[in-house]
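Undergrad: This is the structure I have questions about; it appears just below.
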Amino acid sequence: MPITLVQPGSPRSAVVTGAARGIGKAIAVELVLRGYEVVVTDVDIDAAERTAEQIGARAGLRLDVTDPDANAAVAAAAREIAPLGAWVCNAGVLFEGDLTAITTGQARAMVEVNVLGVMWGVRAAAQAFREQAAIGIKGGEIGIMASLSAHAPVRGLATYAATKAAVLSLATSLHAELRKDRIRVHALCPDGVSTPMVDAMDPEGGTRAILAAGVMYEPQQVALALVDMFGTRRVYRTMPVWRGVIGRTATMAPRVAARVDPVLRRVGAMRLKRAARRTD
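Just so you know, the sequence shown maps onto residues 32 to 311 in my numbering.
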């Protein structure tokens, strides 16, 4: 049984963005188990409401994370349920393809959702935490879903990787900015996760192959790793650690990484083929 993060008699609410499915849903489930009054948010309101009812959350609300005012409105709605205790910036989008191949709209969407969406969510949460501190309810948790790609060059995902590197950098700076307010910031950088986003990738594409060359996690594993950082001073974690070491090494030696990349993709492609044969 998970250890509760909410003190008896002192309820706290928690907001999870992009929580109708996948990693966000798993995080919402974990927070419900930890005692939070969870608000499931998603751009798809019907899916958000269905998920909220299914997992025992308090509410399902529509949230376009690229809208600063909408983030603030959700924070206010959560505080009507209970003082805000946690905000998880999980919503994200990914479009495969080189920077020169993806459309302007796809590039803009990744930056607006993956980076600005996190910034507006953090700002709404921090403002709520500070207002609560003025009436004696101090502190709070902010979780940010980054990615292993934040650490390494990833051919075919340059824009996506750049957005995840940006939010990892944001998390480390926010840790310093918000520390005096007892607001803890945590970022998680997992390898591949079995989600609809990954399932929708081209099985013959290089991106799916490079993921298959690493470690594929289930959403529940990622959710547990993120929520386990709540209440601690840990700012970020990479899953698995050895892939993070390889990724950071590749960043420091990009020419070597460029030579190794095709080898890893061949390994991943072979794994995908073996998996396909097992399911036939």
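Glycine included, each C-beta is placed from N, C-alpha and C at the ideal position. The model shown is predicted, which means the values in this text are computed figures rather than measured ones.
1) Under a Cβ-count criterion, where at least 16 other Cβ atoms within 10 Å of its own Cβ denotes burial, should residue 101 be classed as buried or exposed?
2) Beta-carbon within less than 8 Å of residue 116's beta-carbon, same chain only, minus the 5 sequence neighbours each way: which residues are those?
3) Contact defined as beta carbons within less than 8 Å: I believe residue 70 pairs with residue 89. What is the distance between those atoms, to the nearest angstrom?
4) Name the residue from 123, 113 and 154 whose alpha carbon lies nearest to the alpha carbon of residue 139.
5) Going by beta carbon distance, what residues of the same chain come within less than 6 Å of residue 213, once the five residues before and after it are set aside?
6) For a test of the three-state rule: what should DSSP assign to residue 262, helix, strand or coil?
7) Where does the unbroken alpha helix (DSSP H) through residue 156 begin, and where does it stop?
8) Given residue 278, which residues of its chain have a CB within under 7 Å of its CB, disregarding the five upstream and five downstream residues?
9) Start and end of the beta strand (DSSP E) containing residue 221?
10) Would you check if the distance between the CB atom of residue 120 and the CB atom of residue 153 is smaller than 9 Å?
11) DSSP on residue 77, reduced to helix/strand/coil?
12) What residue from 264, 167 and 224 has the CA that sits closest to residue 205's CA?
13) By alpha-carbon positions, which one of 103, 118 and 174 ends up nearest to residue 155?
14) Rounded to whole angstroms, what is the Cα-Cα separation between residue 62 and residue 251?
15) Assign residue 173 to one of three DSSP states: helix, strand, or coil.
16) Between the Cα of residue 84 and those of 111, 50, 191 and 220, spot the shortest distance and give me the residue it belongs to.
17) Taking buried to mean at least 16 other C-beta atoms within 10 Å of its own C-beta, is residue 39 buried or exposed?
18) Going by C-alpha distance, which of 157, 148, 160 and 167 is nearest residue 195?
19) Taking the straight line between their C-alpha atoms, what separation do you get for residue 91 and residue 282?
TA: Straight from the coordinates:
1) buried
2) 36, 37, 43, 44, 45, 67, 171 and 172
3) 6 Å
4) 123
5) 169 and 170
6) coil
7) 148-164
8) 179, 182 and 183
9) 214-221
10) yes
11) helix
12) 264
13) 103
14) 12 Å
15) strand
16) 50
17) exposed
18) 148
19) 40 Å
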